[in-house]
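Have a look at the structure below, then the notes.
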Amino acid sequence: MDRSILRFRHRLLAWLHRSRSVPVLNVKRFRYKEIKRATSGFNRVVYSNSRSSAYNAKFQDGRVALVKELRSLSDNGFITEVQLLGRLHHRHLLTLRGFSTGHKRLLVFDEIGHGSLRDHLNDPLRTPLSWRLRLQIAAGVAAALEYLLLFTNPPMCHVSISSSTIILDENFTAKISDIGFHCTPANISDCPDASNSDDFKDQKCGNLIYQLGALILELVTGQSSDGTSADLINWIEGTNFAMSMNKMIDPDLGNSFDYKDARNLLSVAKLCIKSREKPRFSIPQIFRYLQSKVYAPNC
């Protein structure tokens with residue numbers, strides 16, 4: 001690594017340890033005690049995986065936000081992550097608002113409004129999501145993936161798409177919450193090698209398309225899978241898929257959707273899930289298709 005970059009990182013790290021209130025790239029530095037109090041001692045878990053844990057945080061000013069604890073990062077790695085995440089701006093990505101380098105390496109994101117998509121699919125007391133809104137969620141996630149794949153430099157190392165990691169703001173706008181630039185021991189196999197080969201790009205796109213397919217499957221069926229549910233995945237890959245399709249559509253939708261559209265969307269989800277090893281189409285193509293359904297006259 002260039003020595004000037006190393007010197008800059010060392011100076012920035014020293015400055016961060018001295019600073020307690022001055023923002024970095026318009027990102028606020030939070031006190032660890034403030035975040036611990038807001039998350040009720042890190043007990044309000046939204047989701048957890050090998051790379052991070054996410055918490056619902058309610059601060060004293062009434063603001064409700066998502067807090068993420070990053071694991072397996074050095075101080076320099078965490079600072080780089082803060083810098084790079086702070087540069088992202090997209091309607092369907094949670095915006096980074098702050099960080100803390102106290103006892104844990106913590107990131108503070110946007111207000112989360114209506115919580116996770118999983119909450120809405122699983123909680124019978126919540127008003128069911130309309131068909132149009134489900135299409136908007138799928139299209140919004142695809143739009144964010146297009147942005148992450150085509151317009152971020154350096155490229156993303158980690159992106160996780162599931163009903164748990166999709167957050168709905170106060171307007172029910174879908175936002176991806178689990179992304180990262182920095183490779184860790186937990187996700188090193190997902191990171192680009194020195195050549196950034198076409199094979200790697202195909203593998204990365206295939207994995208994202210697979211995750212998007214699993215999310216569409218969740219939206220249509222109303223069942224949470226997080227991409228790992230053997231029952232849902234086995235069903236959509238099985239021989240009785242076409243015959244049992246009508247039984248799998250979320251009954252909470254009632255008669256508010258076009259049955260043909262739902263069948264077509266399930267077929268798209270099946271193709272996405274089959275594309276894990278070798279993508280048959282691109283994220284932009286999926287986004288354009290979903291976008292056309294959102295703005296269809298009968299939607």
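Residue numbers (this note's numbering): 1 to 299.
Even glycine gets a Cβ: it sits at the ideal position worked out from N, Cα and C.
When the alpha-carbon of L271 is set against those of I79, E237, K293, A242, the nearest one is in E237. Nearest C-alpha to H89 among R276, S164, K175: K175. Looking only at I179, N153, L208, the smallest Cα-Cα distance to S53 is reached by I179. For S53, the beta-bridge partners assigned by DSSP are S48, E69. Only buried fits A57, as 16 or more other CB atoms lie within 10 angstroms of its CB. Short of 8 Å from the beta carbon of L133, and not among the five residues preceding or following it, lie these beta carbons of its own chain, in chain order: F172.
Within the same chain, Cβ atoms closer than 7 Å to the Cβ of R118 are found at S163, S164, S224, the five residues on either side in sequence being excluded. S177 is a Cβ neighbour of L94, given a cutoff of 8 Å.
Contact check between the segment 137–144 and the segment 73–93: three or more CB pairs, one atom from each, fall below 8 Å, which counts as touching. Per DSSP, H114 lies in no beta strand (DSSP E) segment and is marked neither H nor E.
Here the C-alpha atom of L107 lies approximately 8 Å from the C-alpha atom of L70. Per DSSP, the beta bridge partners of H158 are G180. As a beta-bridge residue in DSSP terms, I167 pairs with S116, K175.
With a 10 Å radius around the Cβ and a threshold of 16 neighbouring Cβ atoms, L290 comes out buried. The C-alpha of S40 is placed about 24 Å away from the C-alpha of L73. Contact annotation, L135 with K293: C-beta distance approximately 5 Å; criterion of less than 8 Å satisfied.
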